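Protein sequence lines, in the order shown, are assigned to chains A and B.
The opening residue of the first sequence carries number 139 in the working numbering; numbering runs sequentially from there.
The opening residue of the second sequence carries number 34 in the working numbering; numbering runs sequentially from there.
Shown next, in structure tokens, is the structure this report addresses.
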Amino acid sequence: MTASNRKPHDPGRRRLLTGALAAAASVIAPGILLVAPRPAAGRAPGEPVTDRVRWGLLIDTTRCEAGCDHCITACRTEHDWDNAPHSRPDQQAQWIRKLDVHNPETGYTFSLPMMCQHCENPPCADVCPTGASFRRADGIVLVDKHICIGCRYCMIACPYKARSFVHETIGGQKPYSPRGKGTVESCTLCVHRVDAGRLPACVEACTEKAGGAMVFGDLNDPGSEISRTVSRIATTQVRADLGLDPGVLYHGF
Amino acid sequence: MMRLTGGLLLVGLALGAVPVSAGDGVPLPTPARGKGTQCVEPTDTMRRYHMDYLLHQRDETVHRGIRGTKYALKDCVECHATPDPRPEVRALTLYGFCKECHDYAAVSIDCFGCHTPVSASSEGGSQ
Numbered sequence: 139m140t141a142s143n144r145k146p147h148d149p150g151r152r153r154l155l156t157g158a159l160a161a162a163a164s165v166i167a168p169g170i171l172l173v174a175p176r177p178a179a180g181r182a183p184g185e186p187v188t189d190r191v192r193w194g195l196l197i198d199t200t201r202c203e204a205g206c207d208h209c210i211t212a213c214r215t216e217h218d219w220d221n222a223p224h225s226r227p228d229q230q231a232q233w234i235r236k237l238d239v240h241n242p243e244t245g246y247t248f249s250l251p252m253m254c255q256h257c258e259n260p261p262c263a264d265v266c267p268t269g270a271s272f273r274r275a276d277g278i279v280l281v282d283k284h285i286c287i288g289c290r291y292c293m294i295a296c297p298y299k300a301r302s303f304v305h306e307t308i309g310g311q312k313p314y315s316p317r318g319k320g321t322v323e324s325c326t327l328c329v330h331r332v333d334a335g336r337l338p339a340c341v342e343a344c345t346e347k348a349g350g351a352m353v354f355g356d357l358n359d360p361g362s363e364i365s366r367t368v369s370r371i372a373t374t375q376v377r378a379d380l381g382l383d384p385g386v387l388y389h390g391f
Numbered sequence: 034m035m036r037l038t039g040g041l042l043l044v045g046l047a048l049g050a051v052p053v054s055a056g057d058g059v060p061l062p063t064p065a066r067g068k069g070t071q072c073v074e075p076t077d078t079m080r081r082y083h084m085d086y087l088l089h090q091r092d093e094t095v096h097r098g099i100r101g102t103k104y105a106l107k108d109c110v111e112c113h114a115t116p117d118p119r120p121e122v123r124a125l126t127l128y129g130f131c132k133e134c135h136d137y138a139a140v141s142i143d144c145f146g147c148h149t150p151v152s153a154s155s156e157g158g159s160q
């Protein structure tokens, strides 16, 4: 990770604003906090996402065991993306995969999950001819399948090979995760869960069943677990040289 | 006289037949409504404008993350799902409800290429 391509956070300004709001709240009605402390996520119905939040994911590869695929299983179960019986293996959708990395010079071997890196400057969105690939204000990169024409330009542009194309008519979609033939798809950072104030399925599974290698949270909130952790340990963005500023950070290599 | 009798017969058929025949003889659709009693807007408004509501809401939800508002395809499914008319599908789906009117109006929709038409209350039903 280079220092230049990370957006500088200004915790001082945030603290000042929060303090001012809290002061205003206490003046209006002492004892009743009008500006309630915002939970980690969870917005009121009808409220749009804002760029005050930047969702991020920290993956500690020192806790990620080779051969463990609880994150993949959880993702597949959550979104049901493994149901294209007529497609060849290389055509099958793959929202998240495990990579085993080996440094032949030092012999150091580690394992990591790879999925959409939710870039600050997503190349998929840059090349999309219809505007279907886009970055939501809170940093989640999505495909609007209503306007995706299936050209797959984004799949070529993504340096992380994170996107898949649905080649056949599928059924049995989950109500919260619509998928269909002729559109490109990728990790949504479980946007339906995040909007409801829950953790992505992979993070939940890793915490409950595996080594707890994943931390999800708001990178803009200096008090969040992920912000406190990334300020304490060295983190890496994969292909940081491209200047895409991924929201997925890795530790351990 | 023959013409008059024929005319009367037609009128009789039109009055007696359920559903009532339209002028061109194509029967008006009578979709099964499922458990839906009162929709989020008056029935006439929904009949005319449901597509606009859904089109607007889909952009609001996908791009701006606005959820929990009153127009949601998921809620359409939950309220209006009925036993699917296709014999191979054993589940409560929106298929019957949508198909009746859209067939009548010669409108082909592709909502359910991606969105599931299966109601969560028919869990276990195969699609």
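Beta carbons are placed, not taken as given, at the ideal position from N, Cα and C, and that holds for glycine.
Given the structure is predicted, the values throughout are model-derived calculations rather than measurements.
In the structure shown, what three-state DSSP assignment does residue i receive?
| i | result |
| --- | --- |
| V376/A | coil |
| H305/A | coil |
| E363/A | helix |
| E243/A | coil |
| P168/A | Here P168/A scores only 42 on pLDDT, less than 50, and its place in the model is too uncertain to base an answer on. |
| P227/A | helix |
| V73/B | coil |
| S154/B | helix |
| V187/A | coil |
| E93/B | helix |
| E203/A | coil |
| A334/A | coil |
| K68/B | coil |
| D264/A | helix |
| A181/A | Sequence check: residue 181/A is Arg here, not Ala. If DSSP states are grouped into helix, strand and coil, R181/A belongs with coil. |
| R214/A | helix |
| I294/A | helix |
| L327/A | coil |
| D85/B | helix |
| C209/A | helix |
| R176/A | Interpretation of R176/A is limited by its pLDDT of 41, a score under 50 that renders its predicted location unreliable; the figure taken from the coordinates is listed afterwards. If DSSP states are grouped into helix, strand and coil, R176/A belongs with coil. |
Bridge partners of residue i, per DSSP?
| i | result |
| --- | --- |
| L195/A | F354/A, V386/A |
| M252/A | R235/A |
| K312/A | S315/A |
| R370/A | Note: R370/A sits in no beta bridge, so no partner. |
| F272/A | L280/A |
| C257/A | P384/A |
| V341/A | Beta-bridge pairing links V341/A to no other residue. |
| V322/A | F303/A |
With 8 Å set as the bound, which would you pick, yes or no: does the beta-carbon of residue i sit closer than that to a beta-carbon of chain A?
| i | result |
| --- | --- |
| I99/B | yes |
| V95/B | yes |
| G58/B | no |
| C147/B | yes |
| T102/B | yes |
| A153/B | yes |
| G157/B | The predicted position of G157/B is uncertain, since its pLDDT is 49 and thus under 50; a value taken from the coordinates is nonetheless stated next. No - not a single Cβ of chain A is within 8 Å of the one on G157/B. |
| K132/B | no |
| R123/B | no |
| K107/B | yes |
| R119/B | no |
| R66/B | no |
| R80/B | no |
Verify the CB distance criterion: does residue i have a CB-CB separation below 8 Å to chain B?
| i | result |
| --- | --- |
| E185/A | yes |
| Q232/A | no |
| Q311/A | yes |
| L280/A | yes |
| P338/A | no |
| F354/A | no |
| R144/A | Here the model assigns R144/A a pLDDT of 48, short of 50, so the residue's position is not dependable, and the following value carries that caveat. Taking Cβ atoms only, chain B never reaches closer than 8 Å to R144/A, which makes this a no. |
| C349/A | At residue 349/A the sequence reads Gly, which differs from the Cys that was named. So, not an interface residue. |
| V223/A | According to the sequence displayed, residue 223/A carries Pro and not Val. It does not; no Cβ of chain B falls within 8 Å. |
| R274/A | yes |
| K283/A | yes |
| G385/A | no |
| P316/A | yes |
| D189/A | no |
| D359/A | no |
| D99/A | Chain A is shown only over 139 to 391; residue 99/A falls outside these bounds and no answer can be derived. |
| D333/A | yes |
Taking the runs of the alpha helix (DSSP H) that are 4 residues or longer, which of them lie wholly in the stretch 100-152 of chain B?
-> The qualifying runs are 106-113, 128-137.
Should the stretch 218-237 of chain A be called in touch with the stretch 252-268 of chain A, which here means at least 3 C-beta pairs below 8 Å?
-> yes
Determine contact between the stretch 220-229 of chain A and the stretch 359-368 of chain A, defined as no fewer than three beta-carbon pairs at a distance below 8 Å.
-> With the rule of 3 Cβ pairs closer than 8 Å, the stretch 220-229 of chain A does not count as touching the stretch 359-368 of chain A.
Should the stretch 108-127 of chain B be regarded as contacting the stretch 204-219 of chain A, the criterion being three or more beta carbon pairs within less than 8 Å?
-> no
Counting pairs of Cβ atoms below 8 Å between the stretch 239-247 of chain A and the stretch 287-302 of chain A, do you hit three or more?
-> no
On the three-pair Cβ rule with 8 Å, is the stretch 180-199 of chain A touching the stretch 303-323 of chain A?
-> no
Can at least three beta-carbon pairs, one atom from the stretch 131-147 of chain B and one from the stretch 314-325 of chain A, be found at a separation below 8 Å?
-> yes
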